[in-house]
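One structure below.
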Amino acid sequence: MAVLADDDDKQIYLAALSEYAERYEVAIHAWGMTATQLQILVTPQTSNGISSMLQATGRMYAQHFNTKYDHRGGIWQDRYKASLILSDEYSLAVYRYIDRLMFCSQQLQEQTPPSLYSSAQENKYGSGQSIVTPHPSYQALGDTPSQRQQAYHALCATLLPAEQVAQIEKALRMSLALGDEHFIKRLEHVTGRRLLEGKPGRPRKTPARNKVQNIA
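For the sequence shown, the residue numbers in my numbering are -4 to 211.
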């Protein structure tokens, strides 16, 4: 189902997302919309910031959608999926993944302008979108906004390696982490959550270990 079917739908959703991102202290670094999906790169300030932001945005948008299209029931296919990003290298890769994916998707659908509903305009050209907050990895691209935009534009001129695209998509699909494997393993001990893809077969029993209290 096309949940974000036309320009009006996308504008209304984006306005709600911007409002609740500010309310729940979530910085949005990159975003992209198509008729059927939303992808965002964010940094929350609280543990429940992302879920609160998306739930509030979804409730507000559902009222608009149900009224406009005389729809009843839920409009989202399933719960949102998230991947923890633990390195600046992967943060920039996800920036490019989101901007490029949405650009290509809209181009194929012959929508104009192709980057109207993504952060590409802001990240490449500085269009002044208030919804976008630069990530430290993006800020490190240059000393001035113009330098950062030019550097990011140059990065986006080349495609991400297919292997890296597959890694990003798997991490998102399976709610895995992206970053240094050693660091992620230590984080797994702290959080008790699986953040790396498990090996096939039954897990081996291991002796209990002391929990890591600090992560360098």
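Beta carbons are placed, not taken as given, at the ideal position from N, Cα and C, and that holds for glycine. No experiment lies behind these values; they were computed from the predicted model shown.
Give the single residue among M169, N118, A166 whose Cα lies nearest to the Cα of Q254.
-> Shown here, the chain extends from -4 to 211; a query on residue 254 therefore has no answer.
Look at the alpha carbon of W26 and the alpha carbon of P156, and state the distance between them as a whole number of angstroms.
-> Within the sequence shown, residue 26 is the residue found at index 31, counting from 1. Within the sequence shown, residue 156 is the residue found at index 161, counting from 1. Their Cα atoms are separated by approximately 20 Å.
Helix, strand or coil: how does DSSP classify V185 here?
-> One-based indexing of the sequence shown puts residue 185 at position 190. V185 sits in a helix when the DSSP states are folded into three classes.
Cα-Cα separation, R181 to E192 | Looking up residue 181 in the sequence shown gives position 186. Looking up residue 192 in the sequence shown gives position 197. The alpha-carbon atoms of R181 and E192 are separated by roughly 14 Å.
What are the complete beta strand (DSSP E) segments, minimum 3 residues, inside the stretch 18 to 67?
-> Inside the stretch 18 to 67, DSSP marks whole beta strand (DSSP E) runs of 3 or more residues at positions 21 to 28, 33 to 39, from first to last along the chain.
Contacts around S132, its chain only, beta-carbon distance under 6 Å, and the 5 residues preceding and following it disregarded = Here residue 132 corresponds to residue number 137 of the sequence shown, with the count starting at 1. The residues are D83, S86, L87.
Touch check for the stretch 11 to 24 and the stretch 35 to 50: three-plus C-beta pairs under 8 Å?
-> Yes, the stretch 11 to 24 is in contact with the stretch 35 to 50.
Secondary structure at S125, three-state DSSP: helix, strand or coil?
-> If you number the sequence shown from 1, residue 125 lands on position 130. In the structure shown, S125 sits in coil (DSSP, three-state: anything other than H, G, I, E or B).
Nearest to S13 by alpha carbon, out of T29, V(-2), Q32, M55?
-> Position 18 of the sequence shown, counting from 1, holds the residue named residue 13. The residue with the shortest Cα to Cα distance from S13 is M55.
Which residue's Cα is closest to the Cα of V(-2): T31, R95, Y8?
-> Translated into the one-based positions of the sequence shown, residue -2 becomes position 3. Out of T31, R95, Y8, T31 has the C-alpha closest to the C-alpha of V(-2).
Taking DSSP as the reference, what is the three-state secondary structure of L(-1)?
-> Taking the first residue of the sequence shown as 1, we reach residue -1 at position 4. If DSSP states are grouped into helix, strand and coil, L(-1) belongs with coil.
Excluding the 5 residues preceding and the 5 following Y112 in the sequence, name in chain order all residues of the same chain whose CB lies nearer than 6 Å to its CB.
-> By one-based count along the sequence shown, residue 112 stands at place 117. So the list reads K5, M28, once near-sequence residues are dropped.
Give the range of the alpha helix (DSSP H) segment to which A146 is assigned.
-> Position 151 of the sequence shown holds residue 146. If you look at A146, you'll find it in the alpha helix (DSSP H) that goes 140 to 151.
Should T107 be labelled buried (16 or more other beta-carbon atoms within 10 Å of its own) or exposed?
-> Here residue 107 corresponds to residue number 112 of the sequence shown, with the count starting at 1. Residue placement at T107 cannot be trusted, given a pLDDT of 44 that sits under 50; what the coordinates show is reported in the next sentence. It counts as exposed.
In three-state terms, what does DSSP make of I80?
-> In the sequence shown, the residue the question calls residue 80 occupies position 85. Strand.
Contacting residues, own chain, Cβ-Cβ under 8 Å from I93 (five flanking each side not counted) = Translated into the one-based positions of the sequence shown, residue 93 becomes position 98. For I93, the CB contacts under 8 Å within the same chain, skipping 5 residues up- and downstream, are A25, W26, G27, Q34, I35, L36, S113, S114 in chain order.
Could you give the DSSP three-state label for L173: helix, strand or coil?
-> As a working mapping, residue 173 is identified with position 178 in the sequence shown. In the structure shown, L173 sits in a strand (DSSP, three-state: E or B).
Should A16 go down as buried or exposed, given a rule of 16 or more other Cβ atoms within 10 Å for buried?
-> The count along the sequence shown starts at 1 and reaches residue 16 at position 21. With 16 or more other CB atoms across the displayed protein chains lying within 10 angstroms of its CB, A16 is buried.
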